[in-house]
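What follows is a short report on a single structure.
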Amino acid sequence: MLSTQPLQRLPRTDDKKHNSHLALLTGPTIEIRVGTATSIHSPADLSVNWFLPKRLISHHSPFLATASYRDFKECRENLIELPDDKPTVFALFVEWLYYGDYTTEPLSASFRTRTDSVSIDAECWVLGDKLLCTDFKNHAMRRLYEQHTTKILARSISTHDVQFVCDNNAKASKLRELYVDLTATNFGRQDRVHGTVEEWDKLLLNQSDLRRLLLQSLRLEAAERNFVRSEEHYLEDGDAPLRACDTSSSSFQCVHRPSKLLA
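The numbers in numbering that gives the first Met the number 0 rise by one with no breaks, and the one at position 94 of the sequence shown is 93.
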């Protein structure tokens, strides 16, 4: 859900920055339809329509900027459709656009060890990657890093988490690198890495990078088995380039595909 806190949540110590943010809220809006009429996820992920300032979304997302202003069907009809994305995840992106942060339900001790759900922050990172929004990706990454590296009640990793990340990211992805490093570091700890031998065996058949790192970890002493780097290592710099876009048709079609498929 969107935060109910007003715009004054933004720090007022920098009036120039505050006024710049307010300027992004002016001008025409565009409709963004997220999800489909029927959802395979849950009733909460049925189609949701947003009407957002073009300046705001274009400032943060080259993907949405192209759809909003270039001579494509989306611009002419003033409608961007994202049928493959989850409205609950996009809602967090909208909250971040307005407030510079997003809020989720606090993780209980039991939820941190669940094996049947994928981290909402990992889903936010993947959405940010599709929208080419580096700042949103870094925000989600900071949250993930803190959850998985904290000394108290660190979030566990399951085969569901790793499979989701591998399915939605190239091997060079910072999100994938984080999950590979976390898994290899903590694989021997049942409180930090969940899943049966059969589940991991099936997953590792197609994930050579993780398989190699796990084998490498077996040759190290427990004290040396730490592949997780500093938080800054997993952050990205600058704006991502626009990619995988078909500009030959009258409709803007830019799909999220791991870069290994774009060579």
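Built from N, CA and C at the ideal position, the CB exists for glycine as well.
Query - Helix, strand or coil at residue 264 [DSSP, three-state] - result: Here the chain covers residues 0 to 262 and nothing more, so residue 264 does not appear.
Query raised in the report: Which term fits residue 193, buried or exposed, when burial requires 16 or more other beta carbons within 10 angstroms of its beta carbon?
Result: As a first step, residue 193 is located in the sequence shown; it is residue number 194 there, counting from the start. Buried, since its Cβ has 16 or more Cβ neighbours within 10 Å.
Query raised in the report: Counting pairs of Cβ atoms below 8 angstroms between the stretch 206-220 and the stretch 173-183, do you hit three or more?
Result: yes
Query raised in the report: Nearest to residue 285 by CA position, among 33, 207, 220, is which residue?
Result: The structure shown does not extend to residue 285, since the chain is modelled only from 0 to 262, so the question has no answer here.
Query raised in the report: Taking just the CA atoms, how far does residue 34 sit from residue 85?
Result: By 1-based counting over the sequence shown, the position of residue 85 is 86. By 1-based counting over the sequence shown, the position of residue 34 is 35. Taking the straight line from one Cα to the other gives about 6 angstroms.
**Report entry** Uninterrupted alpha helix (DSSP H) stretches inside the stretch 139-173 (no shorter than 4 residues)
**Finding:** 158-166
Query raised in the report: Does DSSP put residue 96 in a helix, a strand or coil?
Result: Locating residue 96 in the sequence shown gives position 97, counting from the first residue. Reduced to three states, the DSSP call for residue 96 is helix.
Query raised in the report: Which residues in the same chain as residue 228 place their Cβ atom closer than 8 angstroms to its Cβ, once the five residues preceding and following it in sequence are excluded?
Result: Translated into the one-based positions of the sequence shown, residue 228 becomes position 229. Counting only Cβ-Cβ distances below 8 angstroms, and skipping sequence neighbours, we find 180.
**Report entry** residue 30, DSSP secondary structure in three states
**Finding:** As a first step, residue 30 must be located in the sequence shown, where it is residue number 31. Residue state, collapsed to three classes: strand.
**Report entry** Distance, residue 18 Cα to residue 58 Cα
**Finding:** The residue given as residue 58 occupies position 59 in the sequence shown. The residue given as residue 18 occupies position 19 in the sequence shown. Near 14 angstroms, if we compare the C-alpha coordinates of residue 18 and residue 58.
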